[in-house]
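Residue numbers (the numbering used here): 2 to 82. Worksheet: the structure to be examined is printed underneath.
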Amino acid sequence: MNDKNTIGVEPPQEVSFDNWGKRLMENILLAAAEAVSERKEVSDSIEVTLTFRLTPIVAKDQLEVSVEFERDPTLITYLPR
2 MNDKNTIGVE PPQEVSFDNW GKRLMENILL AAAEAVSERK EVSDSIEVTL
52 TFRLTPIVAK DQLEVSVEFE RDPTLITYLP R
């Protein structure tokens, strides 16, 4: 994932599927908190947009799921078929 589209500042971090949701939620809440602190207007909601990349790993019969964050490492997990 070290291509020009990667926006994370650290190398990707592989996470077990069991921990994926927890780590994902932590990063979503961090992004929302940063958005709130940067706002000048008061509003009722915050929008957090993430881009997920799904890559089939045919040789291992898996699907790689990754999501990039602006300030944290890209999270990667693998789903078996």
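Heads up, the beta-carbon is just placed ideally off N, CA and C, and yes, glycines get one too. Predicted model, so just to flag it, every value in this text is computed and none were measured.
Query                                                                                                     : Result
Start-to-end residues for the beta strand (DSSP E) that takes in S67                                      : Q63 to V68
Per-residue DSSP class, three states only, for L55                                                        : strand
F70, buried or exposed, once every other Cβ within 10 Å from all chains shown has been counted against 16 : buried
Nearest to L51 (by Cα), restricted to the options V16, I29, E42 and E15                                   : I29
Extent of the continuous alpha helix (DSSP H) to which I29 belongs                                        : F18 to E39
Exposure label - T56; buried when at least 16 CB within 10 Å                                              : exposed
Buried/exposed call for V59, threshold 16 Cβ in 10 Å                                                      : exposed
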